[in-house]
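Asks: Okay, handing you the structure first.
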Amino acid sequence: MAFKQHSVLPGFKLSLGYTLLYLSLIVLLPLAALIIKTSNLDWSAFWAIVTEPRVVASYKVTFGTSLLAAVINLVFGLLIAWVLVRYPFPGKRLVDALVDLPFALPTAVAGIALATIYAPNGWIGQWFEPLGLKIAFTPLGIVLALTFITLPFVVRTVQPVLQDLEKELEEAAASLGATRGQVFYKIILPTILPALLTGFAMAFARAIGEYGSVIFIAGNMPYVSEITPLMIISKLEQYDYLGATAIACVMLAVSFALLLVINGLQWWTAKRLGRRK
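Numbering-wise, our numbering puts 274 at position 190 of the sequence shown, and it's gapless, one number per residue.
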């Protein structure tokens, strides 16, 4: 006699209904409200708001510092993941746990801590001040904060791929006379490249929307160190809701574009790993 296997979760239709309802309340309705609110503006008014000189300057600061932070983590995130996977050393578990600290630490706390340490009279900033290098309250401070916040994205994306990498391929290449550089560029890098690019895109996407850690170390000087999320908050404080939603729609469009890129990179990763296996 065959027994019907019951799932722990409700049936497909009921589960799908709950899923769509939850996503609608949490994600779709707020985004729809944002777009509907912006639709009260005609195109010329919308374009005038999102292309104001101060707003454009905030775009440059936000996207420029986010890109630079993502590039920095592209290099050093790979290095950290490589060390954690390939080398045993005392305190390895502690270092591995510290990588996730930016996920657990409130961003405002991170921003205050970084601003305190790298201020002209801070523990580290005081050593750079005589050299004429100011870190806190400048775009350089924004890059520092974004680098701290987005580091785990690259490390945690690349680390599993490095762990699954077959060392026999490296040993075979070395036995055939390949140098360490050739082994890395010919065998290791092509395998981890999709994951590396995915981590880079996720770090960049996370950085452009960061507010809490940046607001304390940026200095918030118009045309110099003012980020786009702060422009949105400023518009809301001035009760300029249409202006705030217009700028938010630009950020939303960029976020959707990055989401498509990330999903494309993940599909590419799965396809390459599937072929390799």
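Don't be surprised by glycine CBs; every beta carbon is placed ideally from N, CA and C. Everything numeric in this text was worked out from a predicted model, so none of it was measured.
1) Do you know offhand how far Val145's Cα is from Ala291's?
2) Count the other C-beta atoms from every protein chain shown that fall within 10 angstroms of the C-beta of Asn159, then say buried if there are 16 or more, exposed otherwise.
3) Tell me which same chain residues have a C-beta within less than 8 Å of the C-beta of Ile196, skipping the five on either side of it?
4) Are Ala328 and Leu336 close, meaning C-beta to C-beta below 7 Å?
5) If you reduce the DSSP assignment to three classes, tell me which class Glu294 lands in.
6) Can you tell me whether Ala262 is helix, strand or coil according to DSSP?
7) Please classify Ala289 as buried or exposed, where buried requires at least 16 other C-beta atoms within 10 Å of its C-beta.
8) Enumerated in chain order, which unbroken segments of the alpha helix (DSSP H) with a length of 4 residues or greater are wholly contained in the region 153-181?
9) Have a look at Val242 and Val167 and give me their C-alpha separation to the nearest angstrom.
10) Just checking my contact of Pro313 with Tyr295 at CB under 8 Å: how many whole Å lie between their CB atoms?
11) Decide if Ala220 is buried, meaning its Cβ has at least 16 other Cβ atoms within 10 Å, or exposed.
Replies: Taking the structure as given:
1) 11 Å
2) Before going further, note that residue 159 is Val rather than Asn in the sequence given. Exposed: under 16 other Cβ atoms inside 10 Å.
3) Phe300
4) no
5) coil
6) coil
7) buried
8) none
9) 12 Å
10) 4 Å
11) buried
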